[in-house]
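Numbering (this note's numbering) for the sequence shown: 77 to 339. Glycine included, each C-beta is placed from N, C-alpha and C at the ideal position. Predicted, not measured: the structure shown is a model, and the values here were computed from it. Everything below concerns the one structure shown next.
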Amino acid sequence: MAIDWQEVSGNWLWVPPRPKAIIHFLGGAFVAAAPHLTYQWLLEQLGRQGYAVVATPFVNTFDHATIAKEVAITFEQGWHYLHRQRGLGYLPIYGLGHSMGCKVHLLINSLPLKHSQSTERAGNILMCFNNYPARRSIPLLDQVMQFSPNLAVEFTPSPQQTLEIAAEQYSVRRNLLIKFRRDEIDQTHSLADVLVSRFPELTTVQILPGTHTTPVAQDISWQPGQSYSPLDAIGQFIKQEFYRDLNRLQRAVLLWLDPIGVL
């Protein structure tokens with residue numbers, strides 16, 4: 077049976093028959109507005125393994141605390157739909173974030189936001205944590221500020237404040253932090269220092285082959301021509317490398333979610 081994405085109360089839902097848990101997904105800053113498209117391969121692969129996926133879009137602004145509040149409210153509306161309209165019951169909920177999506181998950185589970193106990197997280201998976209200041213995160217902002225040196229522009233909370241808030245208030249005990257070897261903007265080490273100190277026995281850091289954009293990668297449709305050429309060989313090699321990184325990521329996530337079910 078084919079399963080299509082469904083838009084419900086601002087979320088995008090992919091729900092397999094009889095799911096065993098819910099994954100709440102948040103994407104990176106510049107691809108978060110349509111996560112069901114930009115992360116389609118990864119999310120649907122997780123869905124086919126029995127996880128209901130709730131991907132909540134958001135638009136990046138300087139006020140990350142407000143983004144976290146709005147995302148939490150939007151997700152809860154999607155959860156109520158699954159619970160009341162689809163009859164899923166009280167399934168465990170796991171957060172899955174990429175890049176800035178990790179920061180939003182951190183704030184959702186650290187700030188005193190009003191959300192029900194039924195939507196508390198059983199665990200979080202945080203990939204490619206990115207917590208750079210605004211001047212480094214936003215293209216051309218640094219050049220603009222050269223003409224307005226007195227203009228104070230920074231995310232709220234700031235990168236340092238985010239880590240301090242998490243160190244004091246982050247409530248999710250079980251965490252998987254994923255870093256890719258060729259990711260030059262990853263800041264997982266700073267987050268690991270905080271979460272390992274807070275929950276040392278339940279926080280895992282895993283380093284995988286890949287880059288910052290590995291979770292965003294999509295299916296590569298490469299069909300060889302009538303006569304197999306050197307270009308076809310290169311195309312097949314690229315496709316194999318592409319799937320190798322994605323499949324390693326998928327397996328790492330699934331193994332952490334359900335070690336017995338994967339083995």
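| Check | Outcome |
| --- | --- |
| Reference V129, options P95, N185, D334, A328, closest by Cα | P95 |
| 8 Å contact criterion, which A148 and P168 should meet: CB distance rounded | That belief does not hold up - the Cβ atoms of A148 and P168 are roughly 17 Å apart, past 8 Å. |
| Euclidean distance between Cα positions of Q125 and V229 | 43 Å |
| C-alpha gap between Q237 and R257, whole angstroms | 27 Å |
| 6 Å CB neighbourhood of A243 in its chain, flanking five on each side removed | V270 |
| Residue ranges of each beta strand (DSSP E) within the stretch 93-153, 3 or longer | 97-102, 127-131 |
| Alpha-carbon spacing of Q153 relative to S85, whole angstroms | 6 Å |
| Member of A105, H112, A97, V107 whose CA lies at the smallest distance from the CA of N87 | H112 |
| Pair within 7 Å by beta-carbon distance, D321 and G286 | yes |
| Closest residue to I98 among S266, N207, I143, H156 (Cα-Cα distance) | H156 |
| Contact test: G163 Cβ vs the ligand PLP heavy atom, cutoff 6 Å | Inclusion of the ligand PLP in the displayed structure is not the case, the ligand content being empty and no account of it being possible. |
| Own chain partners of D334 with C-beta closer than 7 Å, once the 5 adjacent residues on each side are dropped | none |
| L182 versus Y246 - alpha carbon distance | 7 Å |
| Distance between beta carbons of G103 and Y115, contact taken as under 8 Å | 6 Å |
| V84 in three-state terms, based on DSSP | strand |
| P188 to I241 span [Cα, whole Å] | 11 Å |
| Chain-order list of residues whose beta-carbon lies under 7 Å from that of C150 (same chain, five-residue window excluded) | Looking at the sequence shown, residue 150 is not Cys but Thr. Answer for T150: S85, G86, N87, T132, listed in chain order. |
| L307 to Q294 span [Cα, whole Å] | Because L307 carries a pLDDT of 43, less than 50, the predicted location of this residue cannot be relied on, and the following value inherits that uncertainty. Those two C-alpha atoms are separated by around 20 Å. |
| Element boundaries [alpha helix (DSSP H), containing L267] | 264-274 |
| Neighbourhood of I143 by C-beta distance below 7 Å, restricted to the same chain and skipping five residues each side | F134, T137, V180 |
| Start and end residues, beta strand (DSSP E) containing V184 | According to the sequence provided, residue 184 is Ile. The question's Val does not apply to it. Unbroken run through I184 is the alpha helix (DSSP H), 176-184; no beta strand (DSSP E). |
| Terminal residues of the beta strand (DSSP E) in which T280 lies | 279-284 |
| Close-in-space but distant-in-sequence residues of the same chain around S186 (CB under 6 Å, 5 per side omitted) | I241, A242, Q245, Y246 |
| Where N323 sits in the DSSP three-state scheme | helix |
| Backbone CA spacing between G177 and M203 [nearest angstrom] | 9 Å |
| Contacting residues, own chain, Cβ-Cβ under 6 Å from F275 (five flanking each side not counted) | R249 |
| Cβ-based burial, N206 [other Cβ within 10 Å; buried from 16] | buried |
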